[in-house]
Structure formats: structure tokens, C-alpha cells
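Residues are numbered in my numbering as their position in the sequence shown, beginning at 1, plus a constant of 255. Even glycine gets a Cβ: it sits at the ideal position worked out from N, Cα and C.
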Amino acid sequence: MERPVDLKTYLIKRCIGVAGDTLEIRRKQVYLNGVPAPIPAKLQYSYYLQTDGDVQAKFFQKHGITDVYPVQGGYFLHTLPETAAKLRTFDFIREVTSLEAQPGEADPRVFPQAPVTYAWNQDNFGPLYIPKAGATVTLTPQTLPLYEKIIREYEHNPNVEVKDGKLFQNGQEMTSYTFQQNYYFMMGDNRHNSHDSRFWGFVPEEYVVGKAVLVWLSTDSSATFTDRIRWNRLFSSIK
Numbered sequence: 256m257e258r259p260v261d262l263k264t265y266l267i268k269r270c271i272g273v274a275g276d277t278l279e280i281r282r283k284q285v286y287l288n289g290v291p292a293p294i295p296a297k298l299q300y301s302y303y304l305q306t307d308g309d310v311q312a313k314f315f316q317k318h319g320i321t322d323v324y325p326v327q328g329g330y331f332l333h334t335l336p337e338t339a340a341k342l343r344t345f346d347f348i349r350e351v352t353s354l355e356a357q358p359g360e361a362d363p364r365v366f367p368q369a370p371v372t373y374a375w376n377q378d379n380f381g382p383l384y385i386p387k388a389g390a391t392v393t394l395t396p397q398t399l400p401l402y403e404k405i406i407r408e409y410e411h412n413p414n415v416e417v418k419d420g421k422l423f424q425n426g427q428e429m430t431s432y433t434f435q436q437n438y439y440f441m442m443g444d445n446r447h448n449s450h451d452s453r454f455w456g457f458v459p460e461e462y463v464v465g466k467a468v469l470v471w472l473s474t475d476s477s478a479t480f481t482d483r484i485r486w487n488r489l490f491s492s493i494k
């Protein structure tokens with residue numbers, strides 16, 4: 256069933272892989288067709304700070320850190336790797352630990368939500384083929400979780416159902432499938448605080464509505480009213 260236009264959610268994410276690519280993430284590094292992908296300039300990850308006592312919010316704001324959460328013994332935050340390295344130089348910060356999921360640690364939230372078959376997580380993912388219009392894949396119990404949603408929903412095939420790990424249309428088993436449109440793989444630059452293709456899978460070409468080029472407003476929901484607007488980000492270009 257189609258959702259009304261006014262109920263759809265619009266997201267801004269970076270296109271990491273295009274139709275026909277094979278994407279893989281190994282220890283946070285994205286690979287396309289076996290080659291390391293370029294690293295975006297503003298890429299952020301999660302860190303744990305062990306500190307001597309409380310740290311004032313202005314300290315984090317001074318270093319451009321807005322996603323900060325107090326936890327026992329310190330703080331959990333998202334920031335740039337170079338900022339994390341700078342934090343290590345302050346005497347009141349005992350330790351800065353990079354948080355990373357390990358290979359083989361299956362995260363059931365991660366696409367295709369089949370942790371027994373695919374032990375993937377947000378930092379270790381794939382390899383995954385991104386469908387291209389006209390390309391054909393063989394459907395098996397292993398590949399079906401990857402492409403079932405495309406076949407059932409995005410490409411509007413009627414009377415499709417799954418039984419015992421197999422796909423049927425009008426009662427006939429489908430052993431292969433040829434894609435009708437191109438698909439894309441999207442990720443946010445705040446890699447440990449982004450709900451993206453690692454969780455909801457492929458984006459069909461018909462869902463792509465445009466390219467973001469400018470930040471016209473940026474706010475920090477955790478700041479006080481007078482400090483809520485991130486003035487340094489207003490009208491900055493998106494690269």
C-alpha cells in the first residue's frame with residue numbers, strides 16, 4: 256500500500272554505493288568493488304571519554320562536539336577522529352576510547368535483519384551487491400533476505416509470497432529475478448549515529464528526490480535557547 260506523500264520521511268544521506276557496485280564495510284572502512292572508498296571530510300564516530308569529574312558543556316561546544324551524553328565515569332559522544340585525538344591531550348581526560356563493533360558480531364537491527372545467515376553490524380557489513388536495472392540474481396534461501404523487499408514492495412510485483420525460504424508468485428517458484436530499476440546505498444557521515452542503508456537496505460531510484468547543497472539552518476537540541484543555533488554551520492556548503 257502506497258503511503259501518502261505528506262506522511263513520507265525525507266532524509267539527507269551520502270550516496271556511498273551506486274547500482275552495480277559491490278559494497279563492503281571492514282572495520283568502519285567502506286570498500287567498493289574491493290577498493291577503499293574516499294573518506295568524507297566530516298566523518299564522525301562514537302567515543303567514550305573517561306574523565307576526572309564533570310566537564311562543562313562549553314568545553315564540548317568549543318571543540319564542535321554537540322552529541323554528548325553523560326555516562327558513568329565520563330561521557331559518550333560522537334565526533335571527528337582528529338577531534339578525538341585532540342581530546343587525548345587534556346590532563347582531565349584520562350582516556351578516549353573509540354567504540355567499534357567487531358567482525359562476526361551479528362546486530363539484528365542491521366539489514367537484512369537475518370543475523371543467523373548474515374552476521375553483520377554497522378562497522379562490518381557485506382559484501383553486498385547493489386541491484387542495477389536489467390541485472391539478474393539467482394534466488395536462494397541465502398540471497399532471498401537481501402532482495403525480497405525489492406521484489407515485493409519497490410518493484411510492485413503482485414501476488415508474491417515467501418514459503419520455506421523460497422519466493423513464489425501466483426503459486427510459481429521464482430528461482431531468479433531481473434531488477435526493473437537502479438538502487439543505491441546511503442550512509443550518514445555521523446556513522447555511529449545514523450539510521451541509513453545499513454539498517455533499512457537499498458534505496459530505489461524513484462525515491463531519490465534531489466541533492467543537498469546547502470545548510471540553511473542547524474540547531475543543537477541539547478543546548479540552551481540562546482546557544483541552540485549552530486551559527487558556524489549556517490549557509491555552509493555540503494560536500
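| query | result |
| --- | --- |
| Cα-Cα separation between F366 and W455, rounded to whole angstroms | 6 Å |
| N- and C-terminal bounds of the beta strand (DSSP E) containing Y303 | Y300 to T306 |
| The ligand COA heavy atom lying under 7 Å from the CB of R407 | The ligand COA is absent from the structure shown, which contains no ligand whatsoever. |
| Backbone CA spacing between T372 and I348 [nearest angstrom] | 41 Å |
| Given T306 as reference, the closest of L422, G272, V285 and F345 once Cα atoms are compared | F345 |
| Cβ-based neighbour list, T433, same chain, cut-off 8 Å, excluding 5 preceding and 5 following | G389, A390 and T391 |
| Per-residue DSSP class, three states only, for Q284 | strand |
| L298 to P382 span [Cα, whole Å] | 22 Å |
| Touch test, the stretch 285-296 against the stretch 263-273, Cβ-Cβ under 8 Å, three pairs minimum | yes |
| Same chain only: Cβ atoms within 7 Å of R453, ignoring 5 sequence neighbours per side | V365, F366, Q377, F380 and M442 |
| C-beta atoms of L278 and I385 nearer than 8 Å | yes |
| Delimiting residues of the alpha helix (DSSP H) encompassing A317 | In the sequence as displayed, the identity of residue 317 is Lys instead of Ala. Taken as a continuous stretch (DSSP letters only), the alpha helix (DSSP H) holding K317 covers A312 to K317. |
| Nearest neighbour of G359, chosen from T352, Q368, W375 and S353 [CA to CA] | W375 |
| Where the beta strand (DSSP E) through L266 begins and ends | Careful: L266 lies outside any beta strand (DSSP E) and carries neither H nor E. |
| Spatial distance of F331 from H318 (CA atoms) | 15 Å |
| C-beta contact flag for Y409 and L354 at 8 Å | no |
| Close Cβ partners of L401 (< 6 Å) along its chain, the five nearest in sequence each way excluded | P367 |
| Spatial neighbours of Y265 in its chain, beta-carbon cut-off 8 Å, leaving aside the 5 residues before and after | V464 |
| Nearest-angstrom Cβ-Cβ length linking F457 and F440, presumed shorter than 8 Å | 7 Å |
| Y324, DSSP secondary structure in three states | strand |
| Spatial distance of P336 from H411 (CA atoms) | 43 Å |
| Any alpha helix (DSSP H) of 4 or more consecutive residues that is wholly inside the stretch 325-402 | 336-342 |
| E460 versus D451, N437, T352 and A356, residue with shortest Cα-Cα distance | N437 |
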